[in-house]
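Below is one structure, written out as structure tokens; comments come after it.
Protein chains: 2
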Amino acid sequence: MIKGNKITIHDISKALNIDSSTVSRALNNSPRVSLKTREKIQKKATELGYQRNSLASNLRTNRTNTIGVIIPRISRHFFATVIAGIEETAYEEGYNVVICQSLESLDREEKIMNSLASNRVDGILISTSMETSKFEHIKSYMDNNNPVVFIDRPSDAFPNCSSISIDNFKASYDATKLLIEKGRKNIAHFSGPQNIGLYKTRKEGYIKALQEHNIPVIERYIFESNLSEEDGIACAKKLLNHPDIDAIYSANDTAAISAIQYLKSQGVDIPNNIAVIGFNNDPISEVIEPSLTTINQPGFEMGKLSTEILIQQIRNKSENTKNESKVLVPELIIRKSSENS
Amino acid sequence: MIKGNKITIHDISKALNIDSSTVSRALNNSPRVSLKTREKIQKKATELGYQRNSLASNLRTNRTNTIGVIIPRISRHFFATVIAGIEETAYEEGYNVVICQSLESLDREEKIMNSLASNRVDGILISTSMETSKFEHIKSYMDNNNPVVFIDRPSDAFPNCSSISIDNFKASYDATKLLIEKGRKNIAHFSGPQNIGLYKTRKEGYIKALQEHNIPVIERYIFESNLSEEDGIACAKKLLNHPDIDAIYSANDTAAISAIQYLKSQGVDIPNNIAVIGFNNDPISEVIEPSLTTINQPGFEMGKLSTEILIQQIRNKSENTKNESKVLVPELIIRKSSENS
DNA sequence: TCCAAAAATACAATCGATTGTATTTTTGTT
DNA sequence: AACAAAAATACAATCGATTGTATTTTTGGA
Chain V
20 MIKGNKITIH
30 DISKALNIDS
40 STVSRALNNS
50 PRVSLKTREK
60 IQKKATELGY
70 QRNSLASNLR
80 TNRTNTIGVI
90 IPRISRHFFA
100 TVIAGIEETA
110 YEEGYNVVIC
120 QSLESLDREE
130 KIMNSLASNR
140 VDGILISTSM
150 ETSKFEHIKS
160 YMDNNNPVVF
170 IDRPSDAFPN
180 CSSISIDNFK
190 ASYDATKLLI
200 EKGRKNIAHF
210 SGPQNIGLYK
220 TRKEGYIKAL
230 QEHNIPVIER
240 YIFESNLSEE
250 DGIACAKKLL
260 NHPDIDAIYS
270 ANDTAAISAI
280 QYLKSQGVDI
290 PNNIAVIGFN
300 NDPISEVIEP
310 SLTTINQPGF
320 EMGKLSTEIL
330 IQQIRNKSEN
340 TKNESKVLVP
350 ELIIRKSSEN
360 S
Chain L
20 MIKGNKITIH
30 DISKALNIDS
40 STVSRALNNS
50 PRVSLKTREK
60 IQKKATELGY
70 QRNSLASNLR
80 TNRTNTIGVI
90 IPRISRHFFA
100 TVIAGIEETA
110 YEEGYNVVIC
120 QSLESLDREE
130 KIMNSLASNR
140 VDGILISTSM
150 ETSKFEHIKS
160 YMDNNNPVVF
170 IDRPSDAFPN
180 CSSISIDNFK
190 ASYDATKLLI
200 EKGRKNIAHF
210 SGPQNIGLYK
220 TRKEGYIKAL
230 QEHNIPVIER
240 YIFESNLSEE
250 DGIACAKKLL
260 NHPDIDAIYS
270 ANDTAAISAI
280 QYLKSQGVDI
290 PNNIAVIGFN
300 NDPISEVIEP
310 SLTTINQPGF
320 EMGKLSTEIL
330 IQQIRNKSEN
340 TKNESKVLVP
350 ELIIRKSSEN
360 S
């Protein structure tokens, strides 16, 4: 084989003196080609090292058999599990997956969306970035009759669009309630950006639990940030100005964990002085001491479900896509950081 | 705009009564089109919601501006940092990145390779799976004059192929030496599959350090496994049959961490009874108690470097690709698990 | 052996963009 | 005003595979 000389169906066609249309059909195992020639062609193809050019094929058929996935960051445990679910379902159904990370940047999210669209992926699964408050890029993609399913962060802007999410309100409510039942009275909340519905809902669940137990909601006990590692430390520092506080419910594990580490370094006894509950069930939450009570989201299942819905929408593109949203119930995992000793 | 009716350059061409070749040039900002018509065309394009069809474009130009990345698992911290480096460099240079995970399966690795090849990515960065002992898929891709750069796990099968790796021997040697200097005499080693060069080399570094310090190498102190969480526990269990052992050098953090947890649960004092050193600097290594002494690989830099080399090879495809391998030096991060109290 | 039906294969257009070459239009000079 | 050079645009082939239609070949029954 000559280096860099890509073999096409026309090369096979010439080599065997068979029309390229027949070669194409043979390589796709079409019954329109007799078994004898089919085998001859396939043999020659492997002999020449033929490799289908998907660009040409996809251009002609107007399908790529590829699903685009846009998520904030692949290294986050939750998203890694979501991806595992997506890939499993997609491969079962014969779809390829292209994973892209927005790194929580709207600009990158837009560029990725554009690139996926121009590469004609058959549909997109998206978990929007923290910065995403404009939705033009998603709207224009959907306007072009392209299927989209939101994961984890459904958007109010598209009430008719399918989404897979969890019941953040209930999870938050349950977590806060647990702290109350353990006798905590002054529970702080580490909250995320309020333009992300999910963080708003988590805050609401927290507030609701307090109210139902006749505990006053104190605004300065609610610390809003991006919930990064640094944010966790910063919030913990501020929190020490309020000696009443005896518990933290954090909207993610990252901030909860860095807060625990900072508080421990300042001589605070976790959980006796301050109990902590996080969100996400990151692997570290099990290893830190004390181990962190947290909320586990069924990422794998979310990935599977969202992919199933997307593929169904791809296949029934002609029919009107109906909203197929599902809300799953996350699980409160009780560990040491919330238990009185 | 009519739903699902994708706009092409021909639509713009008709709308303005300008030939499609001129439209194409205008959209690519070619100076061959007068500024006036260029602007007119671009305006019409956005007005109609035109979106370039990359399939067609890439088919014609025979370039995709895309780099394929095959790694065992995106959720591993080391690979996540590698990807960050890859993406940064790639985007700077105007390349897209397609990330695929082999999940340590040769079968998947082959399928991915095939898919990337048929989608005509411009080059591939690969860190082979644990199962990869046949290299036909890589060879046939390279034989077709496609650039490949190995990351982290260079292959003996391709001595002339560029690769970015670290000095596993030195890192291992240094880690073992540290334990010896701390007075440890009976140092166990958790090793990985020996068909992966990197685990073999790590073992050799360990052996060399022992020998240079006149410490006998005891075969049953070397535990070979896949270094998973379960393997770490299993090895720790076996290790308790040898009460002499006073230190572990593990070829990865995962096994080291689960071993520490198991040993602690059995009442073993870490590091006083048994000191531990891991490999990879996983985030958990900093949080576990005692914090884990480990070796940090410069993943981000490895990603950047490998991408630079790959892009250079893509651009100079005509010239003979010369081996551009680099070996970086990892850093020993000393924490509590190796320090005598 | 002949012929219609069925099977197998060939022809030719197409997907959407790019690009070398040809043609038309504009510009500037005398 | 005439004309050559330069600028702008149009024409047409091409990338590689797919697919509807047309043509050729094979098959089997009378």
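These protein sequence lines are chains V and L, in that order. Reading the first sequence from the start, the letters are residues 20 to 360 in our numbering. Reading the second sequence from the start, the letters are residues 20 to 360 in our numbering. Every residue, glycine too, gets a C-beta built ideally from N, C-alpha and C.
Checklist entry - Got a sec: which bits of the region 306-319 of chain V sit with their beta carbon under 8 Å from any beta carbon on chain L, in order along the chain? => result 306, 307, 308
Item to check | Opening and closing residue of the beta strand (DSSP E) in which residue 315 (chain L) lies | outcome: Translated into positions along the second sequence, residue 315 (chain L) becomes position 296. Residues 313-315.
Item to check | the region 154-163 of chain L contacting the region 136-145 of chain V, beta-carbon criterion three pairs below 8 Å | outcome: no
Checklist entry - In chain L, which residues lie with their C-beta within 7 Å of the C-beta of residue 99 (chain V)? => result On the first sequence, residue 99 (chain V) is found 80 positions in, with the first residue counted as 1. Correct list: 93, 94.
Checklist entry - Can you find a C-beta in chain L that's less than 8 Å from the C-beta of residue 136 (chain V)? => result Position 117 of the first sequence, counted from the first residue, corresponds to residue 136 (chain V). Judged by the 8 Å Cβ criterion, residue 136 (chain V) is in contact with chain L.
Item to check | Runs of beta strand (DSSP E) lying entirely within the region 167-255 of chain V, each at least 3 residues, in chain order | outcome: 167-170, 182-185, 206-210, 241-243
Checklist entry - For residue 269 (chain L), which of helix, strand or coil comes out of DSSP? => result The sequence position of residue 269 (chain L) within the second sequence is 250, counting from 1. Correct three-state label for residue 269 (chain L): strand.
Checklist entry - Which bits of chain V does residue 105 (chain L) rub up against, with CB to CB less than 8 Å? => result Here residue 105 (chain L) refers to the residue found at position 86 when the second sequence is read from its first residue. None at all; the shortest Cβ gap to chain V is about 11 Å.
Checklist entry - Just to confirm, are residue 125 (chain L) and residue 153 (chain L) a CB contact at a threshold of 8 Å? => result For the purposes of this step, residue 125 (chain L) is taken as residue 106 along the second sequence, with counting starting at 1. For the purposes of this step, residue 153 (chain L) is taken as residue 134 along the second sequence, with counting starting at 1. Going by C-beta atoms, residue 125 (chain L) is nearer than 8 Å to residue 153 (chain L).
Next on the checklist: Please classify residue 79 (chain L) as buried or exposed, where buried requires at least 16 neighbouring CB atoms within 10 angstroms.
Outcome noted: Start at 1 with the first residue of the second sequence, and residue 79 (chain L) comes out as number 60. Exposed, since its Cβ has fewer than 16 Cβ neighbours within 10 Å.
Checklist entry - Are any of the Cβ atoms in chain L nearer than 8 Å to that of residue 33 (chain V)? => result In the first sequence, residue 33 (chain V) corresponds to position 14, counting from 1. No, its Cβ sits nowhere closer than 8 Å to a Cβ of chain L.
Checklist entry - What do you get for residue 284 (chain L), buried or exposed, if any count of 16 or more other CB atoms within 10 angstroms of its CB means buried? => result The count along the second sequence starts at 1 and reaches residue 284 (chain L) at position 265. Looking at its Cβ environment, which holds fewer than 16 other Cβ atoms inside 10 Å, residue 284 (chain L) is exposed.
Checklist entry - When the Cα of residue 230 (chain L) is compared with those of L:155, L:205, L:309, L:347, which residue comes out closest? => result Residue numbering aside, residue 230 (chain L) sits at position 211 when the second sequence is read from its first letter. The candidate whose alpha carbon is nearest that of residue 230 (chain L) is L:205.
Next on the checklist: Which residues in chain V have a C-beta closer than 7 Å to the C-beta of residue 77 (chain L)? List them in chain order.
Outcome noted: To locate residue 77 (chain L), count along the second sequence from 1; it is residue 58. Ordered by position in chain V, the residues that pass the 7 Å Cβ test against residue 77 (chain L) are 74.
Checklist entry - With a cut-off of 8 Å, does the C-beta of residue 349 (chain L) fall near any C-beta of chain V? => result By 1-based counting over the second sequence, the position of residue 349 (chain L) is 330. Not closer than 8 Å to any Cβ of chain V, the Cβ of residue 349 (chain L) fails to qualify, so no.
Item to check | Inter-residue spacing [alpha-carbon to alpha-carbon] between residue 47 (chain L) and residue 326 (chain L) | outcome: Position 28 of the second sequence, counted from the start, is the residue given in the question as residue 47 (chain L). Position 307 of the second sequence, counted from the start, is the residue given in the question as residue 326 (chain L). Near 26 Å, if we compare the C-alpha coordinates of residue 326 (chain L) and residue 47 (chain L).
Item to check | Top-ranked residue by Cα proximity to residue 133 (chain L), from L:98, L:87, L:328, L:103 | outcome: The count along the second sequence starts at 1 and reaches residue 133 (chain L) at position 114. That would be L:87, whose Cα lies nearest to the Cα of residue 133 (chain L).
Item to check | Where residue 145 (chain L) sits in the DSSP three-state scheme | outcome: Along the second sequence, one-based indexing puts residue 145 (chain L) at 126. Residue 145 (chain L): strand per DSSP, three-state reduction.
Item to check | Per-residue burial, residue 233 (chain L) [other beta carbons within 10 Å of its own, 16 or more giving buried] | outcome: By 1-based counting over the second sequence, the position of residue 233 (chain L) is 214. That one is exposed.
Checklist entry - Can you pull the DSSP bridge partners for residue 108 (chain L)? => result In the second sequence, counting from the first residue as 1, residue 108 (chain L) sits at position 89. According to DSSP, which records beta bridges pairwise, residue 108 (chain L) is partnered with nothing at all.
Next on the checklist: Is it the case that the region 70-79 of chain L contacts the region 60-75 of chain V, given that we only count it when at least three CB pairs across the two stretches are under 8 Å?
Outcome noted: yes
Checklist entry - Since residue 70 (chain L) meets chain V, which of its residues come closer than 7 Å, beta carbon to beta carbon? => result Position 51 of the second sequence, counting from 1, holds the residue named residue 70 (chain L). Going along chain V in sequence order, the residues near residue 70 (chain L) (Cβ under 7 Å) are 136, 137.
Checklist entry - Start and end of the beta strand (DSSP E) containing residue 350 (chain V)? => result For the purposes of this step, residue 350 (chain V) is taken as residue 331 along the first sequence, with counting starting at 1. Counting along the chain, the beta strand (DSSP E) containing residue 350 (chain V) begins and ends at 350-352.
Item to check | residue 303 (chain V), DSSP secondary structure in three states | outcome: Start at 1 with the first residue of the first sequence, and residue 303 (chain V) comes out as number 284. Helix, per DSSP.
Item to check | Inter-residue spacing [alpha-carbon to alpha-carbon] between residue 278 (chain L) and residue 251 (chain L) | outcome: Mapped onto the second sequence, residue 278 (chain L) falls at position 259. Mapped onto the second sequence, residue 251 (chain L) falls at position 232. If I take the Cα positions, the gap works out to 5 Å.
Checklist entry - Does residue 166 (chain L) have its Cβ less than 8 Å from a Cβ in chain V? => result Locating residue 166 (chain L) in the second sequence gives position 147, where the first residue counts as 1. No - not a single Cβ of chain V is within 8 Å of the one on residue 166 (chain L).
Checklist entry - Which word fits residue 95 (chain V), buried or exposed, when buried means at least 16 other C-beta atoms lie within 10 angstroms of its C-beta? => result The count along the first sequence starts at 1 and reaches residue 95 (chain V) at position 76. Buried is the call here.
Checklist entry - Can you tell me the Cα-Cα spacing of residue 104 (chain L) and residue 98 (chain L), whole angstroms? => result In the second sequence, residue 104 (chain L) corresponds to position 85, counting from 1. In the second sequence, residue 98 (chain L) corresponds to position 79, counting from 1. Between residue 104 (chain L) and residue 98 (chain L), the C-alpha separation is close to 10 Å.
Next on the checklist: Is there a Cβ of chain L sitting closer than 8 Å to that of residue 303 (chain V), yes or no?
Outcome noted: By 1-based counting over the first sequence, the position of residue 303 (chain V) is 284. Taking Cβ atoms only, chain L reaches closer than 8 Å to residue 303 (chain V), which makes this a yes.
Next on the checklist: Please state the DSSP three-state secondary structure of residue 87 (chain L).
Outcome noted: Here residue 87 (chain L) is taken as the residue at index 68 of the second sequence, counted from 1. Residue state, collapsed to three classes: strand.
Next on the checklist: Tell me which residue opens and which closes the alpha helix (DSSP H) that residue 345 (chain V) is part of.
Outcome noted: On the first sequence, residue 345 (chain V) is found 326 positions in, with the first residue counted as 1. Note, residue 345 (chain V): premise wrong, no alpha helix (DSSP H); beta strand (DSSP E) at 345-347.
Checklist entry - By how many angstroms is the C-alpha of residue 211 (chain L) removed from the C-alpha of residue 346 (chain L)? => result Here residue 346 (chain L) is taken as the residue at index 327 of the second sequence, counted from 1. Here residue 211 (chain L) is taken as the residue at index 192 of the second sequence, counted from 1. Distance between the alpha carbons of residue 346 (chain L) and residue 211 (chain L): 21 Å.
Next on the checklist: Taking its Cβ as the centre, do 16 or more other Cβ atoms sit within 10 Å of residue 222 (chain L), making it buried, or is it exposed?
Outcome noted: In the second sequence, residue 222 (chain L) corresponds to position 203, counting from 1. The residue is buried, with at least 16 neighbouring Cβ atoms inside 10 Å.
Item to check | Within-8 Å CB hit, residue 300 (chain L) to chain V | outcome: To locate residue 300 (chain L), count along the second sequence from 1; it is residue 281. Output row for residue 300 (chain L): interface = no.
Checklist entry - How big is the Cα-Cα spacing for residue 175 (chain L) and residue 147 (chain L)? => result Counting from one through the second sequence, the residue named residue 175 (chain L) turns up at place 156. Counting from one through the second sequence, the residue named residue 147 (chain L) turns up at place 128. Those two C-alpha atoms are separated by around 12 Å.
Next on the checklist: For the pair the region 302-322 of chain V and the region 113-122 of chain V, tell me if three or more CB-CB distances fall below 8 Å.
Outcome noted: no
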